[in-house]
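Notes follow the structure.
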Amino acid sequence: MMSKLTTLSEAISSNIHDGDTIYAAGFTHLIPFAAGHEIIRQGIRNLVLARATPDLIYDQMVAGGCARKVIFSYMGNPGVGSLRFVRSQIEAGTLEWEEYSHFSMISRLQAGATGLPFMPMNPTAAGDLERANPLYRTVTDPYSGDDVVVVPALKPDVAIVHVQRADAQGNAHLWGIIGEQKEAAFASSRVILTAEEIVDEEVIRSDPNRTLIPGFIVNAVCHAPYCAHPSYTQGYYDRDNSFYLQWDEISKTQAAVQSYLDEWVYGVKDRSEYWQKLGVEVHQRLKVDSRPSRVVDYGQY
Amino acid sequence: MSTYSSSELLTINAAHLLRDGDVVFVGVGLPNLACNLARHTHAPNLVMIYEAGVIGAQPARLPLSIGDPTLVSGALSVCSMYDIFAFYLQRGNVDVGFLGGAQIDRYGNINATVIGDYHHPKVRLPGSGGSMEMSAWANRCYILTPHQKRRFPEKVDFRTSAGFLSGKVERDAAKLRGKGPQAIVTDLGILEPDENGELVLTALHPGATPEQARANTGWDLKCASEIRTTKAPSQEELRILREDLDPNGIYLKGGA
Numbered sequence: 001m002m003s004k005l006t007t008l009s010e011a012i013s014s015n016i017h018d019g020d021t022i023y024a025a026g027f028t029h030l031i032p033f034a035a036g037h038e039i040i041r042q043g044i045r046n047l048v049l050a051r052a053t054p055d056l057i058y059d060q061m062v063a064g065g066c067a068r069k070v071i072f073s074y075m076g077n078p079g080v081g082s083l084r085f086v087r088s089q090i091e092a093g094t095l096e097w098e099e100y101s102h103f104s105m106i107s108r109l110q111a112g113a114t115g116l117p118f119m120p121m122n123p124t125a126a127g128d129l130e131r132a133n134p135l136y137r138t139v140t141d142p143y144s145g146d147d148v149v150v151v152p153a154l155k156p157d158v159a160i161v162h163v164q165r166a167d168a169q170g171n172a173h174l175w176g177i178i179g180e181q182k183e184a185a186f187a188s189s190r191v192i193l194t195a196e197e198i199v200d201e202e203v204i205r206s207d208p209n210r211t212l213i214p215g216f217i218v219n220a221v222c223h224a225p226y227c228a229h230p231s232y233t234q235g236y237y238d239r240d241n242s243f244y245l246q247w248d249e250i251s252k253t254q255a256a257v258q259s260y261l262d263e264w265v266y267g268v269k270d271r272s273e274y275w276q277k278l279g280v281e282v283h284q285r286l287k288v289d290s291r292p293s294r295v296v297d298y299g300q301y
Numbered sequence: 001m002s003t004y005s006s007s008e009l010l011t012i013n014a015a016h017l018l019r020d021g022d023v024v025f026v027g028v029g030l031p032n033l034a035c036n037l038a039r040h041t042h043a044p045n046l047v048m049i050y051e052a053g054v055i056g057a058q059p060a061r062l063p064l065s066i067g068d069p070t071l072v073s074g075a076l077s078v079c080s081m082y083d084i085f086a087f088y089l090q091r092g093n094v095d096v097g098f099l100g101g102a103q104i105d106r107y108g109n110i111n112a113t114v115i116g117d118y119h120h121p122k123v124r125l126p127g128s129g130g131s132m133e134m135s136a137w138a139n140r141c142y143i144l145t146p147h148q149k150r151r152f153p154e155k156v157d158f159r160t161s162a163g164f165l166s167g168k169v170e171r172d173a174a175k176l177r178g179k180g181p182q183a184i185v186t187d188l189g190i191l192e193p194d195e196n197g198e199l200v201l202t203a204l205h206p207g208a209t210p211e212q213a214r215a216n217t218g219w220d221l222k223c224a225s226e227i228r229t230t231k232a233p234s235q236e237e238l239r240i241l242r243e244d245l246d247p248n249g250i251y252l253k254g255g256a
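Respectively, the protein sequence lines represent chains X and S. Position one of the first sequence corresponds to residue 1 (my numbering), numbered consecutively onward. Position one of the second sequence corresponds to residue 1 (my numbering), numbered consecutively onward.
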């Protein structure tokens with residue numbers, strides 16, 4: 001089979017186009033920041049950015065002028081507070097938004113990923129978000145006659161998923177918090193995979209239960225070590241909590257955000273240069289000690 | 001008598017509400033500390049679940065976000081977000097949920113979404129996250145908040161998650177599986193729902209007065225016929241919090 005290995009820059013320019021709906025996956029963990037930065041550098045415009053938690057990656061992409069709309073279920077800086085840039089654009093009325101609770105956002109992906117038109121949920125009775133967002137509907141359960149709440153399938157044009165390791169075909173192992181990576185990949189028309197390590201198919205085949213994404217739904221595979229910083233990759237490097245705090249300061253003014261983008265996005269060629277620029281002190285601080293799982297024996301049959 | 005911060009007071013009182021064996025949907029910050037304190041004292045069999053999909057976490061360090069890797073290492077299980085909300089919360093496997101919000105009203109409804117009009121927000125807040133589902137489906141919900149008038153309006157600007165709606169009759173009619181907010185712990189005392197679902201003052205912390213609580217509540221706060229006095233934080237509880245759980249005082253220093 002032909003390898004899908006390519007550079008991140010090439011993967012993005014051939015798979016992401018102005019106006020696309022994209023889902024850069026990962027709940028706090030494995031957030032593909034390197035891909036977000038490359039999208040900003042390439043000047044892609046009018047994107048619809050869907051993510052349960054926009055996190056700093058969408059704050060930066062909105063600041064980089066890439067987005068016309070965000071779809072989310074929790075718009076905060078996790079562990080810190082407000083997601084200042086997206087928030088200020090919403091308050092100013094200059095950015096469209098569509099909002100869900102976590103479960104309804106993830107149910108939209110689940111419907112998209114499994115080829116269903118919508119997904120039912122038990123009612124929560126809160127009511128106001130369902131009134132504010134007309135894509136929430138209530139239908140009658142044909143069996144009990146009770147109400148169920150439904151949300152439509154979310155089918156992004158492109159999912160970007162970062163993983164610990166993948167082979168050249170895109171068969172991917174991931175572990176730790178697996179939020180909505182699998183659902184985002186199956187729901188989307190195209191999948192860009194970034195990986196800390198590219199491994200032989202034999203490594204993937206040694207632990208098939210860990211393969212959440214099969215290569216045949218993947219369009220491009222990129223070797224992108226440290227792709228997730230300031231998010232993290234379980235077992236590889238820690239979350240840079242102090243950068244999340246720092247961003248809270250940076251994102252207070254347009255000028256500081258612009259100078260961040262100039263230095264750390266436009267000012268570097270790729271993730272490798274970004275990582276080197278972070279410096280040894282940061283590398284040391286984010287190092288993690290080993291804690292391997294016990295080996296699983298699949299048996300020889 | 002020992003001195004303690006209002007954050008320590010909230011955390012310790014929240015821990016007292018937890019029972020051994022409870023399955024708790026935890027948030028970061030004070031709820032995380034309260035659960036770990038309970039686990040180290042009266043509730044060693046508490047099971048901590050995080051909306052990121054972690055079940056039975058035993059964090060070795062203080063988690064600074066809801067998806068901290070320390071929650072994963074040594075956990076009982078890690079699943080997808082869809083699974084945590086569907087198999088665990090919607091299915092009815094969660095005993096306790098901790099909620100927070102900018103506004104909590106007379107009937108325990110919570111606003112974590114917006115101050116002002118939804119479509120033309122004056123102050124845009126982060127939004128529901130998992131709180132819309134938690135308030136509906138966890139057996140018991142607890143809220144930790146400083147006791148301030150602006151946080152306790154008569155009616156929330158936006159109902160992100162359901163308390164007792166317009167009263168217990170309406171919540172009962174909605175047939176939600178959870179029982180709704182069972183206690184709101186503040187730095188002055190504890191509010192609990194009466195038979196109509198209205199929050200009333202049922203307990204005061206040592207030194208606090210009903211007048212203080214009433215003055216800092218945005219509706220005409222009723223007092224229970226007998227107001228309890230909460231147990232003051234013990235030396236041992238304070239030691240566990242300060243030395244073992246939050247040694248740098250990230251969440252415990254100062255106010256809540």
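Cβ atoms here follow ideal geometry from the backbone N, Cα and C, with glycine treated the same way. Keep in mind the model is a prediction, meaning the values are calculated, not measured.
- In the DSSP assignment, ALA224(S) falls within the beta strand (DSSP E) that extends over 223-229.
- Against ASP68(S), the close residues of chain X are ARG239, in the order they occur along the chain (beta-carbon pairs closer than 7 Å).
- No Cβ of chain S is located within less than 8 Å of the beta carbon of LYS287(X).
- Remark: C-beta atoms of PHE27(X) and VAL62(X) do not approach each other more closely than 8 Å.
- Between VAL158(X) and ILE71(X), the gap from beta carbon to beta carbon reaches 8 Å or more.
- Excluding the 5 residues flanking it on each side, LEU176(S) has same chain C-beta neighbours closer than 8 Å at ALA136, TRP137, ALA162, in chain order.
- DSSP places GLN169(X) in the coil class of the three-state scheme, outside both helix and strand.
- Taking C-beta atoms as the reference points, ALA184(X) and ARG165(X) fail to come closer than 8 Å.
- In terms of beta-carbon proximity, LEU33(S) stays away from the interface with chain X, with every pair separated by 8 Å or more.
- LYS168(S) and ARG242(S) have their C-alpha atoms roughly 39 Å apart.
- Per DSSP, the unbroken beta strand (DSSP E) holding HIS223(X) starts and ends at 220-223.
- GLY101(S) has its alpha-carbon roughly 13 Å from the corresponding atom of PRO31(S).
- Contact between the region 74-89 of chain X and the region 280-300 of chain X is absent: fewer than three C-beta pairs spanning the two stretches fall below 8 Å.
- With respect to the 8 Å criterion, LEU212(X) and ALA153(X) are not classified as neighbours on the basis of their beta carbons.
- Using a Cβ-Cβ cut-off of 8 Å, ARG140(S) does not count as an interface residue toward chain X, since no Cβ of chain X sits closer than that to its own.
- For PHE87(S), the nearest beta carbon of chain X is not closer than 8 Å to its own beta carbon.
- Among the residues of the region 157-168 of chain X, none has a Cβ less than 9 Å away from any Cβ of chain S.
- Of all residues in the region 49-65 of chain S, the ones placed with a Cβ closer than 9 Å to any Cβ belonging to chain X are TYR50, GLU51, ALA52, GLY53, VAL54, PRO63, LEU64, SER65, in chain order.
- For THR230(S), no chain X residue has a Cβ inside 9 Å of its Cβ, as the nearest lies near 29 Å away.
- Taking a cut-off of 8 Å for Cβ pairs, the region 102-111 of chain S and the region 80-93 of chain S do not touch, as fewer than three such pairs fall below it.
- LEU8(X) and ASP270(X) do touch by the CB rule: their CB atoms are close to 7 Å apart, below 8 Å.
- Following the DSSP letters along the chain, one finds TRP247(X) inside the alpha helix (DSSP H) bounded by residues 241-250.
- Secondary structure note for LYS69(X): its beta strand (DSSP E) is the uninterrupted segment 67-72.
- For CYS79(S), no alpha helix (DSSP H) segment is defined, and its DSSP state is neither H nor E.
- In the displayed model, ILE31(X) falls within coil according to three-state DSSP, outside both helix and strand.
- When the five nearest sequence neighbours on each side are left out, the beta carbons in the same chain lying within less than 7 Å of the beta carbon of ILE57(X) are those of ALA24, ILE31, PHE33, GLY36, in order along the chain.
- Secondary structure note for GLN276(X): its alpha helix (DSSP H) is the uninterrupted segment 271-278.
- ASP207(X) is outside the set of residues whose beta carbon lies under 8 Å from a beta carbon in chain S.
- Within chain S, the residues placing a beta-carbon under 7 Å from that of MET75(X) are PRO126, GLY127, ordered along the chain.
- Neighbours of HIS173(X) in chain S, taken as residues whose beta carbon is under 8 Å from its own, are absent, since the nearest beta carbon is some 14 Å off.
- In this structure, the beta-carbon distance from HIS40(S) to ILE240(S) falls below 8 Å.
- In the same chain as ILE115(S), and ignoring 5 residues on each side of it, the C-beta atoms closer than 6 Å to its own belong to LYS122, VAL123, ASP157, in chain order.
- Those residues of the region 114-143 of chain X placed with their C-beta closer than 8 Å to a C-beta in chain S are MET121, ASN122, PRO123, THR124, ALA125, ALA126, GLY127, ASP128, LEU129, ALA132, ordered along the chain.
- Using a Cβ-Cβ cut-off of 8 Å, THR160(S) is close to ALA126, ASP128, LEU129 of chain X, given in chain order.
- The region 201-210 of chain X makes no contact with the region 119-133 of chain X, as fewer than three CB pairs between them are under 8 Å.
- Using a CB distance cut-off of 8 Å, TYR82(S) counts as an interface residue toward chain X.
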